[in-house]
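The block underneath contains the structure these notes are about, expressed in structure tokens.
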Amino acid sequence: MLQQRIQDVLYESNSILLPIEGYQNEPLVSLEKAVEPLVTIFDQETLQRNVWVAKNRCKEPADGLSQDESASIMLYTFEWNTKENSLYFILNQTLRMEDRQKLKPWFLYLKLFITALSRLPSIVDTVYRGVKTDLTGQYELNTNSIWWGVSSCTDNMDILQSEQFCGSYFRVDSRYDPADEIHMVQLQEIRPPYELCAFPVINRWHGIAPGICLEGKCTNKKCIAYQQEVVISIGFRKFDVLVDSNASIVKCPMCSTYVEILKIGFNHCQWRWHGIRQIVPYEEPTPCMKDWSYANEYSMFEHDIQGTSVWLQLIIEAKSKL
Numbered sequence: 002m003l004q005q006r007i008q009d010v011l012y013e014s015n016s017i018l019l020p021i022e023g024y025q026n027e028p029l030v031s032l033e034k035a036v037e038p039l040v041t042i043f044d045q046e047t048l049q050r051n052v053w054v055a056k057n058r059c060k061e062p063a064d065g066l067s068q069d070e071s072a073s074i075m076l077y078t079f080e081w082n083t084k085e086n087s088l089y090f091i092l093n094q095t096l097r098m099e100d101r102q103k104l105k106p107w108f109l110y111l112k113l114f115i116t117a118l119s120r121l122p123s124i125v126d127t128v129y130r131g132v133k134t135d136l137t138g139q140y141e142l143n144t145n146s147i148w149w150g151v152s153s154c155t156d157n158m159d160i161l162q163s164e165q166f167c168g169s170y171f172r173v174d175s176r177y178d179p180a181d182e183i184h185m186v187q188l189q190e191i192r193p194p195y196e197l198c199a200f201p202v203i204n205r206w207h208g209i210a211p212g213i214c215l216e217g218k219c220t221n222k223k224c225i226a227y228q229q230e231v232v233i234s235i236g237f238r239k240f241d242v243l244v245d246s247n248a249s250i251v252k253c254p255m256c257s258t259y260v261e262i263l264k265i266g267f268n269h270c271q272w273r274w275h276g277i278r279q280i281v282p283y284e285e286p287t288p289c290m291k292d293w294s295y296a297n298e299y300s301m302f303e304h305d306i307q308g309t310s311v312w313l314q315l316i317i318e319a320k321s322k323l
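Written out as structure tokens, the structure is:
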């Protein structure tokens, strides 16, 4: 349950430990391969079953993640037969240990999991964690704190999940008691003086920002992203796919070579589209449209851009959800 993971903040000691590093040099492997070193920690049959369930529930992942990347996040969220046996509980317990050698069996999983989190679009928001305990004594004003575990939070009172990275560094901005038995501590995430958790290198041509995202393949043989799927984020705007698809806009983020649009995505925005489509040759073209929709995660345009039908007009538009 998400509530159990949110209450996990109770176990944060705010201690200064050695940074989390070494895992980022591991290869990126499948989820099945990533959990192989963990069979001595978990019941093997239960672990393999949960991996199978997670991957089958992530056949069409959002936010441009691979199936294994998306499933690694889902596996983390699973509640096992007891909280203490759950992967998230044991992982966070290990992340908070002074003996960093205990993390080595987790390296392959951490590489996949943190790579997935790193590829998710960044947002600026206020998030919440809560426990039925007064923790204000651990958070003195104008001091800094570290959460070594992966921080499960909510961004509203309906308990919408937001996973934060391990090794998060905060400044205590304020403390107040809005009601009896309710104690609030306001933290702001800040950059630490030294890296607390080394992050894997993420392909820079996969950057996904809020708004419209155009996807295609780079054809420049001299480019590091040659034959790779690249993402061109063009933000909040109106975009005429047939008129505006030129080299000044639709270009590889690495080499600026023109990229043919193969797919269109929408990320954390409101979006709509209208167009004229000739589905059957020699028959009258069909006007079509979709009014404003919300993309709370990475959502794909549901019609083929390069299919058998011909688009005579296609205009898409995105604006902020606010």
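Numbering-wise (our numbering), the sequence shown opens with residue 2 and increments by one. The C-beta atom is built at its ideal place from N, Cα and C for all residues, glycine as well. No experiment lies behind these values; they were computed from the predicted model shown.
TODO: Starting from the Cα of E284, find the closest Cα among V311, V260, I233 and give me that residue.
DONE: V311
Open item on the list: Taking the alpha carbon of N26 as the reference point, which residue from T116, N297, R97 has its own alpha carbon closest?
Closed with: T116
Open item on the list: Check this for me: beta carbons of L113 and A35, under 8 angstroms apart or not?
Closed with: yes
Open item on the list: Please state whether the Cβ-Cβ distance between V232 and G208 is less than 8 angstroms.
Closed with: yes
Task: Three-state class that DSSP yields for Q229 in the structure shown - done: coil
Task: Delimiting residues of the beta strand (DSSP E) encompassing Q279 - done: 270–279
- [ ] Using only alpha-carbon positions, find the residue among Q94, F43, S119, P38 that is nearest to L109.
- [x] P38
Task: 8 angstroms Cβ cutoff met for L66 and F79 - done: no
Open item on the list: Can you tell me whether D241 is helix, strand or coil according to DSSP?
Closed with: strand
- [ ] Sort A210, T95, A226 by Cα distance to S300 and report the nearest one.
- [x] A210
TODO: Classify T47 as buried or exposed, calling it buried when 16 or more other Cβ atoms lie within 10 Å of its own Cβ.
DONE: exposed
Task: Beta-bridge pairing of L315 - partner residues as DSSP gives them - done: G276
Task: Assigned secondary structure, I209 (DSSP; H/G/I helix, E/B strand, else coil) - done: coil
- [ ] Could you tell me the boundaries of the alpha helix (DSSP H) in which Y77 lies?
- [x] 68–78
Task: A226 versus E61 - alpha carbon distance - done: 23 angstroms
Open item on the list: Just to confirm my understanding: we take E318, look at its own chain, exclude 5 residues before and 5 after, and list those with CB closer than 6 angstroms. What are they?
Closed with: K239, R273
Open item on the list: Using 8 angstroms for Cβ pairs, my map puts I235 next to S246. What's the rounded Cβ distance?
Closed with: No, I235 and S246 are not in contact; Cβ-Cβ is about 11 angstroms, not under 8 angstroms.
Task: Residue interval of the alpha helix (DSSP H) (run including S119) - done: 108–120
TODO: Apply the 10 Å Cβ neighbour rule to V151 and answer buried if 16 or more other Cβ atoms are within range, or exposed otherwise.
DONE: buried
- [ ] Determine the closest residue to F43 out of W81, K222, M98, with distance taken between C-alpha atoms.
- [x] W81
TODO: With K291 as the anchor, note down where its beta strand (DSSP E) starts and where it stops.
DONE: 287–296
Open item on the list: Beta-carbon within less than 6 angstroms of S73's beta-carbon, same chain only, minus the 5 sequence neighbours each way: which residues are those?
Closed with: L32, L113, F114, A117
Open item on the list: Just to confirm the assignment, what range does the alpha helix (DSSP H) spanning L92 have?
Closed with: 88–96
Open item on the list: To the nearest angstrom, how far is the alpha carbon of Q45 from that of N51?
Closed with: 10 angstroms
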